[in-house]
Amino acid sequence: MTQRILGTATSAGAVHDLKLFRQSGVRLPNDTALIGDAGYQGLWRSHGQAITTHKATRASPLSADQRQENRVLAYTRQGIEHVIRRMKIFRVLKGIYRHRRRRFALRVQLIAALCNLTRARPA
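Here's what the structure looks like:
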């Protein structure tokens, strides 16, 4: 996992993760694996290689194998969450956005580029 930001998508307000992904128009090759959190339940319908956590219900609790798969996925997602944390270090993305909306997408892309540059820099 490279922990690099490959693309960004923004919206004018609160939008569900899966809806925003579908509206973004991102098309990936079918052999590319997508790792998503619980907000991406149902992504496998449009992309066969999507991996999301298993959800338990009252009628069907998770099996031991499903719990183990969730743990492995959580460990893998740690890197993704660290990238999101690096972006939120820039305070403009941390809370309520109080600047011009038309420049929000540009600022997100610039912050993503800065995060990628700092990640690529040798320690």
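Under the UniProt record's numbering, residues 1 to 123 are what the sequence shown spells out, in order.
Where a beta carbon is used, it is the ideal one built from N, C-alpha and C, also for glycine.
These numbers were taken from a predicted model, which means no experiment stands behind them.
Worksheet item: Is there contact here, the region 73 to 82 with the region 97 to 115, by at least three beta-carbon pairs under 8 Å?
Response: no
Worksheet item: Looking at the unbroken alpha helix (DSSP H) that takes in N30, where does it start and where does it end?
Response: Where N30 is concerned, there is no enclosing alpha helix (DSSP H), given that its DSSP letter is neither H nor E.
Worksheet item: Given a threshold of 16 other Cβ atoms within 10 Å of its Cβ, counted over all protein chains shown, does L6 qualify as buried or as exposed?
Response: Burial call: exposed.
Practice prompt. Name, in chain order, the residues that DSSP records as bridge partners for I5.
Written response: Paired residues: none, contrary to the question.
Worksheet item: How many Å lie between S11 and R58 at the Cα?
Response: 34 Å
Practice prompt. May I ask you to report which of helix, strand or coil DSSP gives I89?
Written response: coil
Practice prompt. Give the secondary structure of I84 by DSSP, where H, G and I count as helix, E and B as strand, and everything else as coil.
Written response: helix
Item to complete: Take R86 and list the residues in its own chain whose beta-carbon comes closer than 8 Å to its own, dropping the five residues that flank it on each side.
Response: C115, T118, R119
Worksheet item: Can the beta-carbon of A9 be found closer than 8 Å to that of S24?
Response: yes
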